[in-house]
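Going by full-length UniProt numbering, the first residue of the sequence shown is number 1, and it counts up by one from there. Beta carbons: idealized from backbone N, C-alpha and C, even for Gly. Below: the structure, in structure tokens.
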Amino acid sequence: RKPCSKTFTTMQELVSHVTVEHVGGPEQSSHVCYWEECPREGKPFKAKYKLINHIRVHTGEKPFPCPFPGCGKVFARSENLKIHKRTHTGEKPFKCEFDGCERKFANSSDRKKHSHVHTSDKPYYCKIRGCDKSYTHPSSLRKHMKIHCKSPPPS
Numbered sequence: 001r002k003p004c005s006k007t008f009t010t011m012q013e014l015v016s017h018v019t020v021e022h023v024g025g026p027e028q029s030s031h032v033c034y035w036e037e038c039p040r041e042g043k044p045f046k047a048k049y050k051l052i053n054h055i056r057v058h059t060g061e062k063p064f065p066c067p068f069p070g071c072g073k074v075f076a077r078s079e080n081l082k083i084h085k086r087t088h089t090g091e092k093p094f095k096c097e098f099d100g101c102e103r104k105f106a107n108s109s110d111r112k113k114h115s116h117v118h119t120s121d122k123p124y125y126c127k128i129r130g131c132d133k134s135y136t137h138p139s140s141l142r143k144h145m146k147i148h149c150k151s152p153p154p155s
């Protein structure tokens, strides 16, 4: 496959070209990114939409703007916009799975971070040599790290 050397002045022209010439139509059964130096190195995607989403990593296209006035954020994936919109709506569909805990979260990763408070699991640990502190939450580790940044008192 020879490299494509076409250049475009607008994102719309680039995206249109990539979609038509490089992603292909419904007859295309292989969904491979041929972008030069792509770290996937020819590994195919299982679905065409996944290839289209991936190509945005290369083009920088972010076709999903936040509809809330004054926000201005834009996203490459509709799923990321959906998650972001919860910062405006306050929606928290991810309930803690531990019995008796009523905490809810806007996304599954925040729920997972929270779940450590119910176990003895402390996956966030200090990597400073000689320090064996570990924490259930990344913010606690960040707070702890500040003690290592302070310079020693003058003698």
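For CYS96, no alpha helix (DSSP H) encloses it, and the DSSP letter there is neither H nor E. Under the three-state reduction of DSSP, VAL32 is assigned to coil, being neither helix nor strand.
LYS150 sits in coil when the DSSP states are folded into three classes, being neither helix nor strand.
Annotation for ASN53: the continuous alpha helix (DSSP H) segment containing it runs 48-59. In the structure shown, LYS85 falls within a helical segment according to DSSP collapsed to helix, strand and coil. Taking the Cα positions, THR7 is about 9 Å away from GLU13. Only buried fits THR136, as 16 or more other CB atoms lie within 10 angstroms of its CB.
ASN53 and HIS31 have their alpha carbons spaced roughly 12 Å apart. Within the DSSP bridge table, the entry for SER115 names no partner. Here LYS92 is not near PHE75, since their CB atoms are 8 Å or more apart.
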